[in-house]
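A short write-up of the structure that comes next.
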Amino acid sequence: MTSRPTALVTGATGGIGLELARSLASTHDLVLTGRSDQKLAALRAEFPNARVLALDLSRPADLAANLPPFEALDVLIHNAGVAELGTVAETPADVWDETMRVNVLAPAELTRLLLQALRAARGHVVFVNSGAGLNASPGWGPYAASKFALKALADALRGEESSRGVRVTTVYPGRTATDMQRHVRQQEGGAYQPDVYIRPSSVARTILAVLSTPRDALLTDVTVRPSE
Numbered sequence: 001m002t003s004r005p006t007a008l009v010t011g012a013t014g015g016i017g018l019e020l021a022r023s024l025a026s027t028h029d030l031v032l033t034g035r036s037d038q039k040l041a042a043l044r045a046e047f048p049n050a051r052v053l054a055l056d057l058s059r060p061a062d063l064a065a066n067l068p069p070f071e072a073l074d075v076l077i078h079n080a081g082v083a084e085l086g087t088v089a090e091t092p093a094d095v096w097d098e099t100m101r102v103n104v105l106a107p108a109e110l111t112r113l114l115l116q117a118l119r120a121a122r123g124h125v126v127f128v129n130s131g132a133g134l135n136a137s138p139g140w141g142p143y144a145a146s147k148f149a150l151k152a153l154a155d156a157l158r159g160e161e162s163s164r165g166v167r168v169t170t171v172y173p174g175r176t177a178t179d180m181q182r183h184v185r186q187q188e189g190g191a192y193q194p195d196v197y198i199r200p201s202s203v204a205r206t207i208l209a210v211l212s213t214p215r216d217a218l219l220t221d222v223t224v225r226p227s228e
């Protein structure tokens, strides 16, 4: 019996991460991470065969102590993130600090810790970025800066690991109907309109297409925009 590939998805308790878990469950052994005990319990109920891990990405230095060993890892999807808006003039250092820790430092550390397993499997790392990782708008400084940095991390990793067979893709979704988007709209003072945003399942299907790209080709950067 051939063993199934293993996929680790961060931020799997909702939104794009949950849809990814649902999409991958039939073909991959899942390792799903989150922070909320209640939501992690729901994950365990929906995916009884998955390994569900409580990882606090706001504490990158603690990841090593809470991560089980992996001999091989086929897919690593960095999906978790935080989005706090504010102008440069009004955003205090602690917001910048948490945003960078969760959105950049934790993915960097998690990748470092899992790199040997990814090399062993000639695995694929997917960074779920944002349109803000390509264009920084007023009031989006901390979040956009973290996403620009995440793009730099992905680009550097791709160049460093391609000779070892590790593939790296960045996906840039536009506004997606998730709890994060609801929080963003509250900060913007606007209405949350899920019908005009991308469905999380559509982003998940795009990422599945990225993962299914033949070995002789690589999608390095994929932008996903609402169709209307």
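Just so you know, the sequence shown maps onto residues 1 to 228 in the UniProt record's numbering.
Even for Gly, the Cβ is constructed at its ideal location relative to N, Cα and C.
Burial state of asparagine 79 (16 or more Cβ within 10 Å): buried
The stretch 146-162 / the stretch 97-109 touching (three or more Cβ pairs under 8 Å): yes
Inter-residue CB distance, valine 75 and leucine 211 (contact presumed, cutoff 8 Å): 6 Å
Check whether arginine 44 and valine 31 have beta carbons under 8 Å apart: no
Backbone CA spacing between methionine 1 and leucine 57 [nearest angstrom]: At methionine 1 the pLDDT is 48, less than 50, meaning the model places this residue with poor confidence; the figure from the coordinates comes in the next sentence. Cα-Cα distance, rounded: 36 Å.
Uninterrupted alpha helix (DSSP H) stretches inside the stretch 158-221 (no shorter than 4 residues): Whole alpha helix (DSSP H) segments, 4+ residues: 179-188, 200-211.
DSSP beta-bridge partners of glycine 131: Looking at the DSSP assignment, glycine 131 forms no beta bridge with any residue, so it has no partner.
Helix, strand or coil at methionine 1 according to DSSP, with G and I counted as helix: Below a pLDDT of 50, predicted positions are generally treated as unreliable, and methionine 1, at 48, falls in that range; the measurement from the model is reported next regardless. The answer is coil: DSSP assigns methionine 1 none of H, G, I, E or B.
Serine 201 versus Gly11, Val9, Ala21, residue with shortest Cα-Cα distance: Ala21
Test item: CB-CB of valine 203 and glutamate 228 under 8 Å: Against a cut-off of 8 Å, the Cβ pair of glutamate 228 and valine 203 comes out as no contact.
Host alpha helix (DSSP H) of glycine 51 (start-end): It is arginine, not glycine, that sits at residue 51 in the sequence shown. Not the alpha helix (DSSP H): arginine 51 falls in the beta strand (DSSP E), residues 51-54.
Neighbour-count burial assignment, proline 107, 16 or more Cβ in a 10 Å radius: buried
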